[in-house]
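Participant: Please see the structure below; I have some questions.
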Amino acid sequence: MKVYILRKKSLIVTACIVIVMVGFLFSIISRNEGIIGVFSNQKRLPIYSVETKDKKIAISFDAAWGDQFTDDILDILDEHKIKTTFFLVAFWIDKYPDMAKKIHERGHEIGNHSTTHPHMSKLSKEQIVNELKTTGDKIAAITGKQPVVFRPPFGDYNNLLIETAEELGYSTIQWDLDSLDWKEMGIQPVVDRITRNVKKGSIILFHNNAKYVSDFLPLVLDKLQGQGYKIVPVSDLIYKENYFIDNTGRQKPN
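Quick note: the sequence shown uses this note's numbering, first residue 73, plus one each step.
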């Protein structure tokens, strides 16, 4: 009887140790960006912001419709000596090829924003590849190299999208600070929203054809630079290796 009891206790202890070790292993794996996809139910996240000790942020402009204010944006950025990222849709590039070329020539990064601006979580892998490669090739024809950052239209994504983009060499980028410029609420609401909520490592979303962008952009940039922020393109903010993405979408170094 005593032997039986000892064996039972030994089995219980062993089972507890196994449970603890499995939990520890899962914790390590879930923090490792490179193998997070091992578990099919593990939700992948794009990069919303970046953990950094420096007072550094990225500004991005999505371009899908219109170019009315794009020259103004480029001039304002030049005046502030700032380089940013423009996420372009293929049909925008087709409609405004000279403007797309000008964005590159003025020293700004061009990112992929899809070919047809669809809800990409509804697409098959083959369709996702086509969306990314078609636009990537158009951008490469302008810049001489394939883009490395991708923003899904509508901020819509799933695991398949992020993993397919990754296979094609892209970091999938969201934002942690939406200017809401598309709501056309005026100038000051955008200035206040950005300057009151920005933090180290923020990725800010603007649109190139927002109604008041020519008016609010210089005010925003003046305040951000006055607060000591360095503004860089998205690919200069994010980590390329040895990182993980926490459950808020914040990219952190390992």
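Note that the Cβ used here is the ideal one computed from N, Cα and C, for glycine as well.
Which same chain residues end up closer than 8 Å to Gly300 when comparing Cβ atoms and leaving out the 5 residues on each side of it in sequence?
Facilitator: The residues are Lys127.
Participant: Which residue marks the beginning of the beta strand (DSSP E) containing Ser16, and which one marks its end?
Facilitator: With the chain running from 73 to 326 in the structure shown, residue 16 is simply not present.
Participant: Where does Arg268 land, buried or exposed, given buried means 16+ other C-beta within 10 angstroms?
Facilitator: Under this definition Arg268 is an exposed residue.
Participant: Between which two residues does the alpha helix (DSSP H) holding Ile310 run?
Facilitator: No alpha helix (DSSP H) contains Ile310, which DSSP labels as neither H nor E.
Participant: Verify the CB distance criterion: does Asp209 have a CB-CB separation below 9 Å to chain B?
Facilitator: The structure shown contains no chain B; it is built from a single protein chain.
Participant: Please return the same chain residues whose Cβ sits closer than 8 Å to the Cβ of Gln140, not counting the five positions on each side in sequence.
Facilitator: Asn281.
Participant: Using the C-alpha atoms, what's the distance from Pro190 back to Ala130?
Facilitator: In a straight line, the C-alpha of Ala130 is about 25 Å away from that of Pro190.
Participant: Apart from the five residues just before and just after Tyr284, which ones in its own chain have a Cβ nearer than 8 Å to its Cβ?
Facilitator: Asp253, Glu256, Gly258, Ile259 and Val262, listed in sequence order.
Participant: With a Cβ-Cβ cutoff of 9 Å, do Ala135 and Thr124 count as a contact?
Facilitator: For Ala135 and Thr124, no; Cβs fall outside 9 Å.
Participant: Considering only the alpha carbon of each residue, which of Glu203, Lys302 and Thr187 lies closest to Ile276?
Facilitator: Among Glu203, Lys302 and Thr187, the Cα nearest to that of Ile276 belongs to Lys302.
Participant: Our contact map puts Val270 next to Glu181 with C-beta atoms below 8 Å; I'd like the distance itself, whole angstroms only.
Facilitator: Not a contact, Cβ separation roughly 20 Å.
Participant: Which class does Asp282 belong to by DSSP, given the choice of helix, strand or coil?
Facilitator: The amino acid occupying residue 282 in the given sequence is Ala; Asp does not appear at that position. Of the three classes helix, strand and coil, the one that applies to Ala282 here is coil, per DSSP.
Participant: Evaluate Ile245 with the Cβ neighbour count: other Cβ atoms within 10 Å of its Cβ, from every protein chain shown; 16 or more gives buried, anything less gives exposed.
Facilitator: By the 10 Å Cβ count, Ile245 comes out buried.
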